Each structure stands twice: as structure tokens, then as C-alpha cells.
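Trainee: Going line by line, the protein sequences match chains A and B.
Read left to right, the first sequence gives residues 1 to 114 (our numbering).
Read left to right, the second sequence gives residues 1001 to 1114 (our numbering).
For every residue, glycine included, the Cβ atom is placed at its ideal position computed from N, Cα and C.
For clarity, every value in this text was computed on a predicted model and none was experimentally measured.
Before I ask anything, let me first share the structure, which is written out below as C-alpha cells.
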Amino acid sequence: AQSVAQPEDQVNVAEGNPLTVKCTYSVSGNPYLFWYVQYPNRGLQFLLKYITGDNLVKGSYGFEAEFNKSQTSFHLKKPSALVSDSALYFCAVGAPNSGYALNFGKGTSLLVTP
Amino acid sequence: DGGITQSPKYLFRKEGQNVTLSCEQNLNHDAMYWYRQDPGQGLRLIYYSQIVNDFQKGDIAEGYSVSREKKESFPLTVTSAQKNPTAFYLCASSIATDRGETQYFGPGTRLLVL
């Protein structure tokens, strides 16, 4: 079975400061890891993913994430937060032997204050 | 949200009524998915389809039905057997269901019970 945990329901950060949204996973074998963002009453937008290769993945809107196999983590980061980054962020995990399945975390609400 | 459309944006269901949510994609993707989103619970998979005329149950398929008669379309019917249908429903598609392919989401349909 595979699962993902987002330990923080909400993250607050001041505009211009770095932000981190945490994600840890549990999976048999090598994971596929994704980050999505959701704005109110909208669908999910793909930000970035890790399949294999370089542990540091760069994605849309200046976001990046680091795959850490020893800590089973895939934290989302951005060097300088914008007010417009305020949204709900979802981490998801899949695995080569799980076929279709992507398991999503419960989401972390990011609030960036001016 | 580009390439995947969902309609209607809002849908109201009366007791004992079946309702159908539409999902269409023009991305030429083989795989399509239906998720249910409830506050604080992340996304849960209802049904998925890897290819035309084939579909599989997800984690919470009870009270729902789907069809996949065309590659572009994957409608979801919420039947009267679904006792708690109020939620935000998200449709997604991907090139395939494995190899870490990215799922792209539609804008969602919010279902409310009268």
C-alpha cells in the first residue's frame, strides 16, 4: 500500500520569505511524486513531479521540490513567496507496481501575507 | 484546466434522483479518472478508465457508475444509492495509467443536495 502525509493543515508565511510545504510518503519500490496546487473552486494544477534522476526538481511558478529517499520526503519549496501563491497544495504518490493509483495527501493551505 | 472540460459547474440533486456529471477531454489521453473532494480529506478515487469500453472501481465506487464509450468522454452518474453525494467532483486524464504519467484535471463540478 502507498500513502502520503502532509503534516501541516496550514502554513503561513510573509511575502518575500521562503516557503516550505512538507510531504512524506510510504511506498513499496521507487515512488513517483507529484505536487499540485488548487485555487478556490478550481481544479488541480500540476506543479512538478519526480520520477527518477536529479533529486531537485524544478517546476512551474518558481516552485521546486527535493526528493529525499532516506527521509521519504518530497517537500515543496520556493525562495520568495508571493501573495498570489496562497492556495491549497496537494502532494501525491504513485509507484511502478501500483498501476493507476495516485494517492493524494489531505492538502496544505498556504497563506502568504503582504 | 486546459483540454479538460466538466459540466455543469454546479449541480443540484433531489432525493432519489440520479444525476450525471460530464467530463470531456481533447488531449487524446487514453486514461481518465473521477475523484471526489471533501474538505480536509484530499482527493479520493471513484472510478478510472485505462481505455475505451473499460473501467475499474476506485476506493469509493459505491453509489456511482461510469461509462467510457468514447475516448474523449467519461461521464459519471451519481445514483440515488449514494447517500452523501454533496462534494466537489474532479475529472482528470493522463496519457496512460502508469510510468508516472501526469494527471491533468478539469475545473470541477460542485454537487449539492436539495
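Does the beta carbon of residue 1021 of chain B sit closer than 7 Å to a beta carbon anywhere in chain A?
Mentor: Output row for residue 1021 of chain B: interface = no.
Trainee: When the Cα of residue 4 of chain A is compared with those of A:35, A:52 and A:23, which residue comes out closest?
Mentor: Checking every option, the nearest Cα to that of residue 4 of chain A belongs to A:23.
Trainee: Is residue 1100 of chain B close to chain A, meaning its C-beta is less than 7 Å from at least one C-beta of that chain?
Mentor: Judged by the 7 Å Cβ criterion, residue 1100 of chain B is in contact with chain A.
Trainee: Using a beta-carbon distance cut-off of less than 8 Å, what residues from the stretch 26 to 40 of chain A approach chain E?
Mentor: Included in the structure are the protein chains A and B, with no chain E among them.
Trainee: Counting C-beta neighbours from all protein chains within 10 Å, is the total for residue 1103 of chain B 16 or more, i.e. buried, or is it exposed?
Mentor: Answer is buried; the Cβ neighbour count reaches 16.
Trainee: Which residue comes first and which comes last in the beta strand (DSSP E) that contains residue 1054 of chain B?
Mentor: 1054 to 1057 is the extent of the beta strand (DSSP E) around residue 1054 of chain B.
Trainee: Cα separation between residue 1025 of chain B and residue 1094 of chain B?
Mentor: Spanning the two alpha carbons is a distance of roughly 10 Å.
Trainee: To the nearest angstrom, how far is the alpha carbon of residue 1079 of chain B from that of residue 1008 of chain B?
Mentor: Between residue 1079 of chain B and residue 1008 of chain B, the C-alpha separation is close to 17 Å.
Trainee: Verify the CB distance criterion: does residue 44 of chain A have a CB-CB separation below 7 Å to chain B?
Mentor: For residue 44 of chain A, the answer is yes, since a Cβ of chain B falls inside 7 Å of its Cβ.
Trainee: If I'm right that residue 108 of chain A touches residue 21 of chain A with Cβ under 8 Å, what's the distance once you round it to whole angstroms?
Mentor: Contact holds; Cβ gap of about 5 Å.
Trainee: Cα separation between residue 85 of chain A and residue 1050 of chain B?
Mentor: Near 33 Å, if we compare the C-alpha coordinates of residue 1050 of chain B and residue 85 of chain A.
Trainee: So which of B:1105, B:1114 and B:1044 has the shortest CA-CA distance to residue 39 of chain A?
Mentor: Among B:1105, B:1114 and B:1044, the Cα nearest to that of residue 39 of chain A belongs to B:1105.
Trainee: Could you tell me whether the stretch 28 to 35 of chain A touches the stretch 1013 to 1029 of chain B, where touching means 3 or more Cβ pairs closer than 8 Å?
Mentor: Not touching, per the Cβ criterion.
Trainee: Helix or strand or just coil, what does DSSP make of residue 39 of chain A?
Mentor: Coil.
Trainee: Express the C-alpha separation of residue 102 of chain A and residue 1065 of chain B in angstroms, rounding to a whole number.
Mentor: Whole-angstrom Cα-Cα distance: 20 Å.
Trainee: List, in order along the chain, the chain A residues whose C-beta lies closer than 8 Å to that of residue 1108 of chain B?
Mentor: Those within 8 Å of residue 1108 of chain B in chain A are 41, 42 and 43.
Trainee: Measure from the alpha carbon of residue 19 of chain A to the alpha carbon of each residue in A:43, A:71, A:87 and A:94, then state which is nearest.
Mentor: For the residues A:43, A:71, A:87 and A:94, the minimum Cα distance to residue 19 of chain A belongs to A:87.
Trainee: Counting only C-beta atoms, is residue 1074 of chain B closer than 7 Å to chain A at any point?
Mentor: Output row for residue 1074 of chain B: interface = no.
Trainee: Straight-line CA distance for residue 1034 of chain B to residue 1046 of chain B?
Mentor: Their Cα atoms are separated by approximately 5 Å.
Trainee: Can you tell me the Cα-Cα spacing of residue 1081 of chain B and residue 1054 of chain B, whole angstroms?
Mentor: Answer to the nearest angstrom: the Cα atoms are 22 Å apart.
Trainee: Contact check, residue 1100 of chain B vs residue 94 of chain A under 8 Å by CB: the rounded distance?
Mentor: 6 Å between Cβ atoms; contact.
Trainee: Can you name the start and end residues of the beta strand (DSSP E) that residue 66 of chain A belongs to?
Mentor: That run of the beta strand (DSSP E) goes 64 to 68.
Trainee: Cβ closer than 7 Å: which chain B residues qualify as neighbours of residue 104 of chain A?
Mentor: Ordered by position in chain B, the residues that pass the 7 Å Cβ test against residue 104 of chain A are 1042 and 1043.
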